[in-house]
Structures are given as C-alpha cells and as structure tokens.
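Residue numbering for the sequence shown follows the numbering used here, starting at 101 and increasing by one per position. Just so you know, even glycine gets a beta-carbon here, dropped at the ideal spot from N, CA and C. In this text, all values refer to a predicted model and were calculated from it rather than measured experimentally.
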Amino acid sequence: MVRQLQSTIHRLEGEEMAYEHKLQATLVEEKHLEKKVPSLHLQYVRGVPSCVPFLETEGWSTAHSQDAESLAGLERLRRKVENIKPKEDKAKVSTILRESNPIELKKLLLLYTLENQAHQEEAEEKSRQYSNFFE
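This is the structure we're talking about:
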C-alpha cells in the first residue's frame with residue numbers, strides 16, 4: 101500500500117513539474133508575442149513592410165466583416181486548439197506567426213492564454229491532491 105502511494109506521489113510530482121515547465125515556457129512565449137503584436141500592428145497601420153505580411157489579399161473591410169463572425173471563428177479556433185498536444189508548442193508558435201489577420205491573431209493569443217490557465221489550474225489541483233495525501 102505504501103509503495104503504491106509512493107509511486108503515485110512520484111508520478112504526480114513528475115506531472116506537476118512537467119506542467120510547471122510547460123506553463124513557464126508558455127508564459128515566456130506569450131510575453132514575447134505580446135511585445136511583437138503592437139509593433140507589427142504599427143507597421144501595418146503605417147504601411148511599412150514587415151516580415152509578416154498582414155492582410156496580403158484582404159482589405160481592412162474584409163477583416164472587419166470577419167470580426168462580426170468572431171464567435172463562429174472563435175469556436176472553430178477553439179476546436180483546433182483542443183486538438184493540439186503538449187509536444188506541439190512549436191506548431192502553436194508557427195500558427196501564430198503565419199496568421200496574417202490581426203483579429204484572428206488576437207483570438208489565437210486569447211485561446212492559448214485560456215489554455216495555459218486551464219493547465220495552471222490542473223497543476224494546482226494536482227498539487228492540492230498531493231498535499232492532501234499527507235494530511
């Protein structure tokens with residue numbers, strides 16, 4: 101019985117550490133991307149070419165009309181994000197960097213932030229369960 105509990109504790113500690121590392125990496129990534137968004141937006145507004153081509157084939161009115169469909173777009177993006185596995189962090193970054201629509205980019209960043217919060221809550225719950233073992 102004790103051996104089984106020790107094994108469970110060890111496994112939970114490993115999971116907690118993995119979630120903490122993932123959370124920290126994602127927070128660093130989020131801060132980095134948050135710093136990039138305003139400068140890229142200013143480049144777009146000023147008409148200065150940037151390394152990320154915003155709205156190459158679409159005008160602002162098209163992007164604005166997409167905002168009216170934001171709930172449907174948000175739902176589609178949520179479904180995409182649900183399928184992303186933890187080892188696909190590079191794919192997330194790639195998706196963000198490939199996105200040329202500022203509205204969709206904001207949606208992606210929001211969804212990734214919410215996903216990170218869910219991981220943090222899950223790690224905190226596992227930590228509480230772990231501490232309850234010793235009470």
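Distance between beta carbons of residue j and residue i, contact taken as under 8 Å
i    : j    : result
E116 : K206 : The pair is not a contact, with the Cβ atoms about 31 Å apart (cut-off 8 Å).
I196 : L133 : 6 Å
E130 : T213 : 6 Å
Alpha carbon of residue i to alpha carbon of residue j, nearest angstrom
i    : j    : result
Q220 : L208 : 18 Å
R237 : L210 : Because the chain here runs from 101 to 235, residue 237 falls outside it and cannot be looked at.
V193 : V102 : 43 Å
Q124 : E224 : 14 Å
L140 : E215 : 24 Å
N232 : A118 : 20 Å
K122 : R198 : 22 Å
G114 : V145 : 46 Å
K190 : K135 : 18 Å
Y230 : A218 : 18 Å
S200 : P138 : 14 Å
I203 : L127 : 21 Å
R111 : E222 : 15 Å
Every unbroken alpha helix (DSSP H) within the segment 182-216, with a cutoff of 4 residues, ordered by chain: As far as the segment 182-216 is concerned, its whole alpha helix (DSSP H) runs of at least 4 residues are 189-198.
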